[in-house]
Amino acid sequence: MLANKKYRDLSDNNTFAGGFPHEYFIWLRKENPVFWHEATDKTPDGEGFWVVSRYKDIIKIATNPEVFSSDRGGIREGGGTAIKDEATAGKVLNQTDAPHHRRLRTLVNKGFTVKAVQKLHHALNTIAENLVNSLEIGQSIDFVQKISQEIPTQAICLVLGVPTKDRLQLCDWVNKGIETQSESIIASEYANKIRKYGQKLVQMKREMPTDDIFSSITHAKLDEDGTTLSDYELRSFFSLLFPAGVETTTRSVSGGMLAFIQNPRQWNLACAQSGFTKSMVEEIVRWTTPSCYKRRTASCDTEIGGKLVQAGQKITFWEMSANRDERQFDKPFIFDIFRDPNKHLGFGAGSHFCLGASLARLELKIIFEKLTSRKIRFTLDGEPEWVPNNRLVGLKTLPVKVEAAK
Ligand code: HEM
1231 MLANKKYRDL SDNNTFAGGF PHEYFIWLRK ENPVFWHEAT DKTPDGEGFW VVSRYKDIIK
1291 IATNPEVFSS DRGGIREGGG TAIKDEATAG KVLNQTDAPH HRRLRTLVNK GFTVKAVQKL
1351 HHALNTIAEN LVNSLEIGQS IDFVQKISQE IPTQAICLVL GVPTKDRLQL CDWVNKGIET
1411 QSESIIASEY ANKIRKYGQK LVQMKREMPT DDIFSSITHA KLDEDGTTLS DYELRSFFSL
1471 LFPAGVETTT RSVSGGMLAF IQNPRQWNLA CAQSGFTKSM VEEIVRWTTP SCYKRRTASC
1531 DTEIGGKLVQ AGQKITFWEM SANRDERQFD KPFIFDIFRD PNKHLGFGAG SHFCLGASLA
1591 RLELKIIFEK LTSRKIRFTL DGEPEWVPNN RLVGLKTLPV KVEAAK
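The opening residue of the sequence shown carries number 1231 in the working numbering; numbering runs sequentially from there.
So this is what it looks like as structure tokens:
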């Protein structure tokens, strides 16, 4: 099919170098909403995969884990939730199915409820206030570096009990890993560094329990017989949480700001409100959808949108495409902070619904609340650059100038 010039290689990160290829997905949703993407020289494992782009089909897949596995399916050995088969399938929270998934999820859920993350409110509020107060009228900044990255990294360090001195080093490894093609040796070197750091942290928590979510997970009893999570499970959970918590939220903050710059009327409307409301946060998540696709594996022969899917085949579904589906959203390409209803799939759906959604929502609310209450506005001060990555779509740089509100 890719021999046909109309089709683009979704396994090549360069396809995403200018941001998410929306035009292409508009065409796919209309002409070929469930299609077999043949392997190219960029495709991991040298094997094709299904591409599903409509909202309704995606919901069906995400909410049917018996048929569409996050672990493995059919007779294949590898699995997981990225196009590339991963050795961690079946071992890490997001790459497990019930009943193992339910057990792990129950254990970590407590740390991420709305109530639990509210405990971080005061600390995050202070961080955001200091950040926003440090902005000066007339100043030129890279919004990603100066603002977007700060709140999520500081938040996840609080959650995981990472000492402040290690924060920047960890972020650097995460960023460098994301910028490289996911199956490259360099990317796995960075993933290894993060894993090794996770192991060191697990050791620290075991020896000296601290007052953070990761420490309580380290000591939590998994079963009645008192088993705790193994070192392997804990460091894998750390390696999942750190990038999952930082990269996604950072990209939502930057992408949200770019949307406001391109839609100044929406910025003025947000500034005129007494707080940054739920609907504004949700629209930013819909609009940016940083975690733009997921993969599942068919555990038996099945059918999606009239196409026959065989057991063991890879299926990718594209939440970013679902969030712009004309069949689901009224004027999906309009950024509307009062959008209602807004049942977006930015945080996924079903049993793997984002564990960190309450935390991400709180972070977005706090940072934009501070920004919109300072009587300032932002204008572009150069060309924004996108991260060339098909898994996490978002801005690498956002050069802006801080100006007084009109
Ligand atoms: C705007 C920010 C965020 C977005 C857009 C986002 C998006 C997502 C999505 C789409 C999934 C579903 C995965 C799947 O179906 O396979 C997911 C799962 C997950 N997210 Fe997030 N996420 C965000 C922030 C966070 C934060 C702050 C954390 C951690 C503190 C986090 C941790 C996780 C974890 C651990 C899972 C796996 C849950 C499971 O498999 O049961 N996320 N996220």
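No residue lacks a Cβ here, since even glycine has one placed at the ideal position from N, Cα and C.
Keep in mind the model is a prediction, meaning the values are calculated, not measured.
Sixteen is the threshold: when 16 or more other Cβ atoms of the shown chains lie within 10 Å of the Cβ of Gln-1325, as they do, the residue is buried.
If you ignore the 5 residues before and after Gly-1428, its C-beta comes within less than 6 Å of the C-beta of Arg-1465, Phe-1468 and Ser-1469, all in its own chain and listed in chain order. Contact check for Pro-1629 and Ala-1247: beta-carbon distance about 17 Å, past the 8 Å limit, so the pair fails to qualify. Note that the region 1328-1336 does not touch the region 1562-1576; fewer than 3 beta-carbon pairs, one per stretch, sit closer than 8 Å. Spatial neighbours of Lys-1595 in its own chain (CB-CB distance under 7 Å, excluding positions within 5 residues in sequence) are listed in chain order as Phe-1506 and Val-1511.
Within its own chain, the residues whose Cβ lies closer than 6 Å to the Cβ of Cys-1584, once the five positions on either side in sequence are excluded, are Phe-1577 and Gly-1578, listed in chain order. Per DSSP, the beta-bridge partners of Phe-1298 are Ala-1528. The criterion of a C-beta distance shorter than 8 Å is not satisfied by Phe-1342 and Gly-1536.
Among the bridge pairs identified by DSSP, Pro-1629 is matched with Asp-1372. By the CB criterion at 8 Å, Phe-1565 and Gln-1496 fall inside the cutoff.
In terms of CA proximity to Ser-1484, Lys-1626 leads the group Glu-1633, Ile-1424, Lys-1626 and Asp-1327. For Arg-1557 and Tyr-1285, the gap between their C-alpha atoms comes out near 8 Å.
The C-beta separation of Leu-1323 from Ser-1283 comes to about 26 Å, leaving the pair out of contact by the 8 Å criterion. Look at Ile-1289 here: in three-state DSSP terms it is helix. Take the alpha-carbon of Leu-1499 and the one of Pro-1562: they are about 19 Å apart. Taken through DSSP and simplified to helix, strand or coil, Thr-1273 comes out as coil.
Judged by DSSP secondary structure, Arg-1465 falls outside any beta strand (DSSP E) and instead within the alpha helix (DSSP H) spanning 1461-1492.
If you draw a straight line from the Cα of Ser-1299 to the Cα of Arg-1621, it comes to about 18 Å. Comparing C-alpha distances from Thr-1519 to each of Thr-1245, Thr-1480, Thr-1458 and Arg-1526 shows the shortest one belongs to Thr-1480. DSSP places His-1267 within a strand segment (E or B) once states are collapsed to three.
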